[in-house]
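Undergrad: These protein sequence lines are chains A and B, in that order.
Residue 2 is where the first sequence starts when you use our numbering, and the numbers rise one by one after that.
Residue 2 is where the second sequence starts when you use our numbering, and the numbers rise one by one after that.
A virtual CB, placed ideally from N, CA and C, is assigned to each residue, including glycine.
Remember, it's a predicted structure, so these values are computed and weren't measured experimentally.
There are 2 protein chains.
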Amino acid sequence: MQDTMAVPLDAETKVAERPGDHQAELRLWLRLLTCTNLIETEIRRRLREEFNVTLPRFDLMAQLDKNPSGMTLGELSSRMMVSNGNVTGLVERLLAQGLLDRRPSPNDRRAQLVSLSSDGRRAFRSMARTHENWVAEIFAELGPGEIDDMMRLLAKAKTSTAKAVANRDAAQ
Amino acid sequence: MQDTMAVPLDAETKVAERPGDHQAELRLWLRLLTCTNLIETEIRRRLREEFNVTLPRFDLMAQLDKNPSGMTLGELSSRMMVSNGNVTGLVERLLAQGLLDRRPSPNDRRAQLVSLSSDGRRAFRSMARTHENWVAEIFAELGPGEIDDMMRLLAKAKTSTAKAVANRDAAQ
DNA sequence: TCGAGATATTTTAAGCTTAAAGTATTTTGC
DNA sequence: GCAAAATACTTTAAGCTTAAAATATCTCGA
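1) Terminal residues of the continuous beta strand (DSSP E) containing P57 of chain B?
2) Are the C-beta atoms of F125 of chain A and some chain B residue less than 8 Å apart?
3) Provide the residue span of the alpha helix (DSSP H) that contains Q113 of chain B, from first to last.
4) Does DSSP put D102 of chain B in a helix, a strand or coil?
5) Straight-line CA distance for G144 of chain B to L29 of chain B?
6) Rounding to the nearest angstrom, what Cα-Cα distance links E147 of chain B and A141 of chain B in this structure?
7) Count the other C-beta atoms from every protein chain shown that fall within 10 angstroms of the C-beta of M6 of chain A, then say buried if there are 16 or more, exposed otherwise.
8) Could you work out which residues of chain A lie near V166 of chain B, taking near to mean beta carbons separated by less than 7 Å?
9) How would you call L31 of chain A, buried or exposed, if buried means at least 16 neighbouring beta carbons within 10 angstroms?
10) In chain B, which residues lie with their C-beta within 9 Å of the C-beta of P145 of chain A?
11) Closest Cβ-Cβ distance between S161 of chain A and chain B: below 8 Å?
12) Is it buried or exposed for R90 of chain B, if we count other Cβ within 10 angstroms and need 16 for buried?
13) Please classify R104 of chain A: is it buried, with 16 or more other beta-carbons within 10 angstroms of its beta-carbon, or exposed?
14) Closest Cβ-Cβ distance between A112 of chain B and chain A: below 8 Å?
15) Are the C-beta atoms of A7 of chain A and some chain B residue less than 8 Å apart?
16) Between which two residues does the alpha helix (DSSP H) carrying P145 of chain A extend?
17) Can you name the residues of chain A whose CB is closer than 9 Å to the CB of R32 of chain B?
18) Between the stretch 124-132 of chain A and the stretch 56-70 of chain A, do three or more beta carbon pairs fall short of 8 Å?
19) Given this structure, state the Cα-to-Cα distance separating T131 of chain B from A167 of chain A, to the nearest angstrom.
20) With 8 Å as the threshold, decide whether the Cβ of A137 of chain A is near any Cβ in chain B.
21) Can you pull the chain A residues whose beta carbon is under 7 Å from the beta carbon of T174 of chain B, in chain order?
22) According to DSSP, what are the bridge partners of T73 of chain B?
23) Could you tell me whether the stretch 69-78 of chain A touches the stretch 150-170 of chain A, using the rule of 3 or more Cβ pairs below 8 Å?
24) Taking only beta-carbon atoms, is A97 of chain B less than 8 Å away from chain A?
25) Using beta carbons (cut-off 8 Å, strictly below), is A171 of chain B in contact with chain A?
26) With distance defined between alpha-carbon atoms, name the residue in B:R47, B:L27, B:D60 and B:E43 nearest to N87 of chain B.
27) L29 of chain B touches chain A at which residues, Cβ-Cβ below 7 Å?
28) Compare the C-beta of N85 of chain B against all C-beta atoms of chain A and say whether one is closer than 8 Å.
29) Decide if T37 of chain B is buried, meaning its Cβ has at least 16 other Cβ atoms within 10 Å, or exposed.
30) Compare the C-alpha of Q24 of chain A against each of B:N108, B:N134 and B:S84 and name the closest.
31) As a quick exercise: from B:E26, B:L27 and B:L33, pick the residue whose alpha carbon is nearest that of K159 of chain A.
32) Apart from the five residues just before and just after R45 of chain A, which ones in its own chain have a Cβ nearer than 6 Å to its Cβ?
33) Helix, strand or coil: how does DSSP classify M128 of chain B here?
Next comes the structure, spelled out in structure tokens:
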């Protein structure tokens, strides 16, 4: 029978061949999204309540902490996977708070380099230590083996998604 | 030695006792967030490009499709896990598009019932079928066993998070 | 029944986010 | 060199999101 033949189909073909019957994947996506949102909401709430900071600002500061020599807005944009215009606004607000320093790029008059100010670095280091403990608390019930399993499964989901994105891009 | 004693500590205590050394959890959270955002961005893009609809509007319509007799804004708000004010705006925009019907609640003059209009239902059914195939394509490289594993791990992460949230709430 | 508290919703102010268009500068190919 | 293309960034308009305050209505107990 057609249905039981071991024809090697690529993932895209498999999906196209069997419309309907994707409940398992749909439930997985729903659960993945719900779970991630649950954690993200809690972390946003704690950052706001304990440090009066937003998650995007925290993330931007984390990038700068890893790059002490400074980054351009374009580098921040691609590392954070957000638009250029988004970074423009975030940097403005962090500069206004005195958490960032800004200087012109020595090579390129279009670009500017931003880095953590000493206040910014001090604030970030303190937040990061606490943040790490929050995350550990949130995942406390997962054992080391389960963490490894999840890392592996997420890596696979990521490459699977990348292929779907590539398929879509190829089809215009 | 203290470090090797098999003292039964609950998750919260374990975290508090060993500040630092939570790299594995931190990397897991980063990967979970990145992977979910990758998928979410792709789905948002396809919804916009193929159907000119946003993810929040699609989600709201999905709730109404599951509840054909209509829902109050408050029910929508709690099912979607977003604020009341958020739902007010989404419903306004969907009404303006002619995708929703609205009527006063028969019991409660404060509340209103919204449901999909016939246009809305037709549009949603069409989008939902395609959306299901997108999700299947995105997770195509995961086998049934891997989907089950991930479902189980996410469920565990969810209960673990719920406990962390409860801990935090208990501490004010 | 009356008033206090609860509930359903809206409004407001602030911030995040994007796509698209615009500006300034640099790079590239001839 | 110089024009065209690429790049770095900003601006704009639109939408999403929240917390907090405000409004309207309902419920419940004395």
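TA: Checking against the coordinates, here is how it stands:
1) Counting along the chain, P57 of chain B falls outside any beta strand (DSSP E), though it belongs to the alpha helix (DSSP H) covering L56 to K67.
2) No, because no Cβ of chain B sits closer than 8 Å to the Cβ of F125 of chain A.
3) Premise fails: Q113 of chain B lies in the beta strand (DSSP E), Q113 to L117, not in any alpha helix (DSSP H).
4) Reduced to three states, the DSSP call for D102 of chain B is strand.
5) Taking the CA atoms as reference points, G144 of chain B sits about 21 Å from L29 of chain B.
6) Straight-line Cα distance between these residues: approximately 11 Å.
7) At M6 of chain A the pLDDT is 45, less than 50, meaning the model places this residue with poor confidence; the figure from the coordinates comes in the next sentence. By the 10 Å Cβ count, M6 of chain A comes out exposed.
8) Against chain A, a Cβ distance below 7 Å from V166 of chain B picks out E43.
9) Classification for L31 of chain A: exposed.
10) Residues of chain B passing the Cβ test: A25.
11) The beta-carbon of S161 of chain A is placed less than 8 Å from the nearest beta-carbon of chain B.
12) Here residue 90 of chain B turns out to be Gly, not Arg, going by the sequence shown. Exposed, since its Cβ has fewer than 16 Cβ neighbours within 10 Å.
13) Residue burial annotation: R104 of chain A is exposed, with fewer than 16 other C-beta atoms found within 10 angstroms of its C-beta.
14) Not a single CB atom of chain A sits nearer than 8 Å to the CB of A112 of chain B.
15) Legend: pLDDT at A7 of chain A = 49, less than 50; position of this residue unreliable, no value from coordinates given.
16) Looking at the DSSP string, the run of the alpha helix (DSSP H) that includes P145 of chain A is P145 to A171.
17) Proximity of chain A to R32 of chain B at the Cβ level (cut-off 9 Å) is accounted for by M151, M152, L155, A156 and K159, in chain order.
18) Yes: at least three Cβ pairs fall under 8 Å.
19) Note on geometry: alpha-carbon atoms of T131 of chain B and A167 of chain A lie some 18 Å from one another.
20) A137 of chain A counts as touching chain B.
21) Limits of chain B in this structure are 2 at one end and 173 at the other, which puts residue 174 of chain B out of reach.
22) Bridge partners of T73 of chain B: B:L114.
23) The stretch 150-170 of chain A and the stretch 69-78 of chain A do not touch, with fewer than three beta-carbon pairs separated by less than 8 Å.
24) By this cut-off, A97 of chain B is not an interface position.
25) Not an interface residue.
26) Looking at the Cα atoms, B:D60 is the closest of the given residues.
27) Near L29 of chain B (Cβ distances below 7 Å), the residues of chain A are F140, I148, M151 and M152.
28) Contact with chain A is absent for N85 of chain B, since none of that chain's Cβ atoms lies less than 8 Å from the residue's Cβ.
29) Label assigned to T37 of chain B: buried.
30) Taking each of B:N108, B:N134 and B:S84 in turn and checking the Cα distance to Q24 of chain A, the smallest one comes out for B:N134.
31) Comparing Cα positions, the closest option is B:L33.
32) Cβ neighbours of R45 of chain A beyond the five flanking positions: L56.
33) It is helical.
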